[in-house]
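Presented below is the structure to which this report refers.
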Amino acid sequence: MRKNIVITGYGVIAAKKISKIKHLDFQEFTFPVGEVDYSNTELKNLLGIAAAKELSRTALLGIYALKQAADNAGVTANTPGKKSLISGTTVGGMDLTEKYWQQIDNHTDIMLQHDCGSCTELTAKYFGFFDECTTISTACSSGANAILEGAEILEAGLSDIVFAGGAEALTKFHLMGFSSLMILDREVCRPFADNRAGLNLGEGAAFLVMETEEHALARGAKILCNFAGGGNACDAHHQTASSPDGEGAYRAMKQALIDANISPSDIQYVNAHGTGTVNNDASEMAALHRIFGEKMPQIESTKSITGHATSAAGAIEAVICIKKMQ
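Written out as C-alpha cells, the structure reads:
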C-alpha cells in the first residue's frame with residue numbers, strides 16, 4: 015500500500031518586487047531583477063554567522079529558508095528519525111568564484127565552494143542534524159525535482175524526514191548567460207500577456223519538510239497538506255526552448271494527475287512556470303489546454319513579483335501553492 019506523504023513545514027526567502035540590482039556588485043547590468051533585499055552581511059547577522067566567514071550567497075539563502083522550515087515544522091537535532099536534505103541549485107558558489115578567481119592561488123579553500131554540491135553540504139553543516147544530503151542540478155526544474163525525489167525517498171523508507179527544495183543566487187555569470195539568450199525583459203515581466211517581452215531573473219530559496227503521515231502523527235507534528243503526486247517529463251525538443259505543443263509540460267502534468275489518482279476537474283489552481291518569454295508561455299498554455307480543455311482552472315504566474323529564481327523557482331512556487339490553500 016502506498017505511503018501517504020505529508021508536508022509539515024516550509025521556509026522561503028524570495029524577492030518581493032522587481033527592481034534594479036542593489037546588492038550584487040554589478041550595477042552596470044541594466045535589466046531589472048528579483049533580488050532578495052538583504053546583503054550577505056545582513057544574512058550572516060540574521061543567521062548568527064561570523065561576518066568574516068566566506069559563504070556563497072546561494073548557501074546563505076538556503077540556510078535562511080531551511081532554518082525557517084525547521085522552525086515551522088518543529089524539527090531539531092532531538093527529533094527522532096533519519097533526516098535528509100535534498101537541495102536543487104545550478105549556480106552554486108559562482109558568486110565567490112567571480113570574486114576570487116583572479117587570486118585563485120590565495121583562495122583555494124574558498125574556491126572549493128564553487129560546485130553545486132558544496133553549497134548543499136555547507137547548508138547541511140550549519141544545522142548538524144542531517145544524516146545525508148543530495149544535490150539536484152537540473153536547471154529551472156531543480157527545486158521541483160528535489161521535492162519529487164523527496165517523496166520517492168520517503169516512499170522507499172530511506173528516510174523519515176526530508177527537507178526538499180532549492181536555492182539560487184544571482185551572479186554575473188547567471189545574468190550574462192541569460193542575457194546572451196536575448197530573453198530578458200527591460201521592464202517588469204508580463205507572463206502570458208500579448209505584449210510579453212521576456213523574463214526577469216530572480217533569486218531565493220525554499221524548502222518543504224516532508225514525512226510520512228505515520229511519522230508526522232507519531233511525533234505530534236501539524237500536517238499542513240498532503241503531497242498527492244508529481245510528474246517529470248522532457249520532450250527533448252531543444253536545449254533551451256519548449257516545444258510548440260507543450261509536450262513536456264503536458265506529459266508531466268498528466269503523469270502527476272495519474273500519480274495523485276485525480277482528474278483535471280479536481281484542480282482549482284495552477285501556479286504556472288510563466289516566465290514571460292514568448293516561447294515558454296505559448297508552449298505552457300498549449301499544454302494546459304491539452305490537459306484542461308475549455309474548463310481551465312485559475313492560472314497565474316508569480317514571477318512578476320519574485321523574478322525567475324531558476325533552480326529555486328519550483329520550490330518557491332510550491333510554498334506559494336501551500337499558502338494559496340491555507
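So the sequence shown is numbered by the numbering used here: it starts at 15 and just counts up by one. Even for Gly, the Cβ is constructed at its ideal location relative to N, Cα and C. Predicted model, so just to flag it, every value in this text is computed and none were measured.
Cβ separation of residue i and residue j, assumed to be a contact under 8 Å, to the nearest whole Å
i, j, result
"M267", "G245", "6 Å"
"G102", "A160", "4 Å"
"A181", "G76", "3 Å"
"G142", "N86", "That belief does not hold up - the Cβ atoms of G142 and N86 are roughly 19 Å apart, past 8 Å."
"A286", "Y78", "The pair is not a contact, with the Cβ atoms about 26 Å apart (cut-off 8 Å)."
"G290", "R210", "5 Å"
Identity of the residues DSSP links to residue i by a beta bridge
i, result
"M224", "I21, V176"
"V50", "V50 pairs with nothing; no bridge assigned."
"G216", "G48"
"I27", "A219"
"C147", "L99"
"H322", "L215"
"A160", "Bridge partners of A160: none, in fact."
"L198", "L213"
"Q312", "Y283"
Assigned exposure category for residue i - 16 Cβ within 10 Å defines buried
i, result
"T90", "exposed"
"K97", "buried"
"H188", "buried"
"L213", "buried"
"D199", "buried"
"Q312", "exposed"
"Y264", "buried"
"K81", "buried"
"R16", "exposed"
"S277", "exposed"
"G328", "buried"
"K109", "A quick correction: the sequence has Asp, not Lys, at residue 109. Buried, since its Cβ has 16 or more Cβ neighbours within 10 Å."
Spatially closest choice to residue i from the options, by CA coordinates
i, options, result
"Q340", "C239, T149, I32", "C239"
"L168", "G107, I100, A247, R233", "I100"
"L74", "K58, A83, A84", "K58"
"I32", "F45, V20, C130", "F45"
"Y52", "T72, P205, A66", "T72"
Requested in this report: Can you check the segment 224-253 for any alpha helix (DSSP H) of at least 4 residues that lies completely inside it and give the ranges in chain order?
Outcome: 227-232
Requested in this report: Enumerate, from N- to C-terminal direction, the unbroken alpha helix (DSSP H) stretches of 4 or more residues contained entirely within the segment 49-132.
Outcome: The DSSP assignment places complete alpha helix (DSSP H) segments of no fewer than 4 residues inside the segment 49-132 at 54-61, 71-87, 108-114, 122-125, in order along the chain.
Query raised in the report: What are the uninterrupted segments assigned as alpha helix (DSSP H) that are 4 or more residues long and contained completely in the segment 257-288, given in chain order?
Result: 261-274
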